[in-house]
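Numbering-wise, the numbering used here comes out as the position in the sequence shown, counting from 1, plus 461. For glycine and all other residues, C-beta sits at the position ideal for the given N, C-alpha and C. Here the structure comes first, spelled out in structure tokens, and everything after it is commentary.
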Amino acid sequence: VEADPRKVWRRFAEHYHLFRGTPTRAWLDHAFTTLFGLDERLSARNADACFDQISQCLAMPSFRPRALFERFRVEALATTESPLDDLRWHKMIRVSGWNGRVITAYRPDAVVDPQFDGFAENLRRFGEIADEDVGSFEGYLNAHRKRRAFFAEMGATSTDHGHPSAQTADLSRNETRALYAKVRHGEASPEDAEIFRAQMLTEMAAMSLEDGLVMQLHPGSLRNHNPLLHASFGRDIGADIPTATEYARALKPLLDRFGNARGFTFILFTLDETAYGRELAPLAGHYPCLRLGPPWWFFDSYEGMRRFREIVTETAGFYNTVGFNDDTRAFCSIPARHDVARRVDCGYLAELVATHRLDEDEAQEVALDLAYRLPKAAYKL
């Protein structure tokens, strides 16, 4: 594997044409131009010159992460951490004297999904960290409550759940105890694992009513699709594939209990665009707790955002969505992500004005809501 940064960059530049038409190309071009001052399209011919200019920029104090955070005018940035995380980096930021708002979010997959790598050891550590006996289901739930409270102390306003499906359940307490015993002892079948994840979504909703944390669900990704690459490089290397996801029946057990509850916010995402018009928009238009998150992952793109507005708005309106919050791992792409979302939304709003479905002053207000006010309200920021 090539390790020399300049040689890697040259190879990237030689193949930059492969990104034509993709959102990645748009984000990179935006960052190259507005952030690093490149005035030519990247190519094999100018690869070294671009490398040198970007390197010079990154060596400047004004390109340190905190300086860019302030330059981008980011009001809040949330990371997601496992309940096993001690949040040491968040603590360091807090005591550093810097005023940037970087908060955490509670992502309990490692101790909620029996099929998660190292689940048994994760469960043991979970009880140890929370100082709870996770041998019982009640102790296990108390451990979650304690960790959620700690995350909230560290600024968390939300939880996040990455499940294979949107399935929820509402089992009796005796059924749940019996299921948890199988899970804890490593005796859970794939079907048991799915039911346990489903039950835990409902348990997390109950806790959100207690502590006020906003709940998010990101389902429908078939992870680690390429076993050779997974064995060689591990998880999260680009081998995750969207799958068809059902919501109306899957969410009903949870919504039967909490769909009309005051103070509960449940933000839904999808990798199955066919669900937007068929299930998600009608559900969000009906249940007070539900909000639709922006197009996610594969659909965080010009066309994906446009399709989202066209499919969702007539049924759910604008105000049952959360506007736009980006999900980038590339810090320098934050301005590009928001720029794309704002341009797409304004283009859609302009069409509504041109076809006399919205007045211009209303469109201006909605544009500000989608870009700023809705996400700030939805995530209690």
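Within a Cβ cutoff of 8 Å, which residues of the same chain sit near Asp570, ignoring the five residues on either side of it in sequence? Ser543, Phe577, His622, Gly623, His624
Which stretch, first to last residue, makes up the alpha helix (DSSP H) that contains Ile698? Element bounds for Ile698: n/a, residue is neither H nor E.
Count Cβ pairs between the stretch 484-496 and the stretch 793-811 that sit closer than 8 Å; are there 3 or more? Between the stretch 484-496 and the stretch 793-811 there are three or more C-beta pairs closer than 8 Å, enough to call the two in contact.
I think Asn721 touches Pro749, with their Cβ atoms under 8 Å apart; what is that distance to the nearest whole Å? 6 Å
DSSP three-state call for Thr485: helix, strand or coil? helix
Classify Gln660 as buried or exposed, calling it buried when 16 or more other Cβ atoms lie within 10 Å of its own Cβ. buried
Between Glu740 and Tyr780, is the Cβ-Cβ spacing less than 7 Å? no
Contained alpha helix (DSSP H) runs [length at least 4] in the stretch 714-795, N- to C-terminal order: 742-747, 763-777
Just to confirm my understanding: we take Pro714, look at its own chain, exclude 5 residues before and 5 after, and list those with CB closer than 8 Å. What are they? Thr629, Ala630, Asp631, Ala659, Thr663
In terms of DSSP beta bridges, what is Tyr477 paired with? In the DSSP output, where bridge partners are listed per residue, Tyr477 has none listed.
When you compare each of Glu536, Arg506, Ala508, Phe497 to Ala520 by their alpha carbons, which one comes out closest? The shortest Cα separation from Ala520 among Glu536, Arg506, Ala508, Phe497 belongs to Phe497.
Taking Cβ positions only, does Glu501 come closer than 7 Å to chain C? You won't find chain C in this structure, because it holds only one protein chain.
How is Ala539 classed by DSSP in three states: helix, strand or coil? DSSP places Ala539 in strand when its eight states are reduced to three.
Do you know offhand how far Gly784's Cα is from Arg752's? 10 Å
How far does the alpha helix (DSSP H) with Gln459 in it extend, from its first residue to its last? An answer regarding residue 459 cannot be provided, because it is not within the stretch 462 to 842 covered by the chain.
For my contact list, Leu499 and Gln514 are in at a C-beta cut-off of 8 Å; report their separation, rounded to the angstrom. 6 Å
Spell out a yes or no on whether the stretch 633-643 and the stretch 548-558 are touching, meaning 3 or more CB-CB pairs, one atom from each, closer than 8 Å. Contact between the stretch 633-643 and the stretch 548-558 is absent, because fewer than three Cβ pairs lie under 8 Å.
Taking a contact to mean a Cβ-Cβ separation below 7 Å, would you say Thr706 touches Ala736 in this structure? yes
For a test of the three-state rule: what should DSSP assign to Thr494, helix, strand or coil? helix
Looking only at DSSP bridge pairs, what is Leu678 linked to? Bridge pairing for Leu678: His622, Leu729 [DSSP].
State the DSSP-derived secondary structure class of Leu503, mapped to helix, strand or coil. coil
Identify which residue in Thr483, Cys511, Pro484, Ala591 has its Cα closest to the Cα of Glu475. Cys511
Does the distance from the C-beta atom of Val814 to that of Ala802 stay below 7 Å? The criterion of a C-beta distance shorter than 7 Å is not satisfied by Val814 and Ala802.
Under the DSSP definition of a beta bridge, which residues are partnered with Tyr567? Glu542, Thr620
So, at 6 Å on beta carbons, what are the nonlocal neighbours of Gly600 in its own chain, with the 5 sequence-adjacent residues on each side left out? Cβ within range, chain order: Glu593, Asp594.
Label Gly673 either buried or exposed according to how many other C-beta atoms from any shown protein chain fall within 10 Å of its C-beta, with 16 as the threshold for buried. exposed
Just tell me which of Asp465, Pro484, Glu463 has its CA closest to the CA of Thr789. Pro484
For Met766, count the other beta carbons within 10 Å of its own beta carbon; 16 or more makes it buried, fewer makes it exposed. Which is it? buried
Option nearest Asp733 by Cα separation, candidates Phe727, Ala742, Thr726, Leu529: Checking every option, the nearest Cα to that of Asp733 belongs to Ala742.
Give the straight-line distance between the Cα atoms of Leu675 and Ala610, rounded to the nearest whole angstrom. Just to set this straight, residue 675 is Val in the shown sequence, not Leu. Taking the CA atoms as reference points, Val675 sits about 13 Å from Ala610.
By DSSP's criteria, Pro703 is part of a beta bridge. Which residues make up the other side? Ser682
So, helix, strand or coil for Leu602, using DSSP? DSSP places Leu602 in helix when its eight states are reduced to three.
Let's test the definition: count the other Cβ atoms within 10 Å of the Cβ of Gly681 and tell me whether it reaches 16, buried, or not, exposed. buried
Report the residue from His799, Pro575, Pro836, Ile728 whose alpha carbon sits nearest the alpha carbon of Pro651. Pro575
Between the Cα of Arg684 and those of Leu602, Arg696, Leu584, spot the shortest distance and give me the residue it belongs to. Arg696
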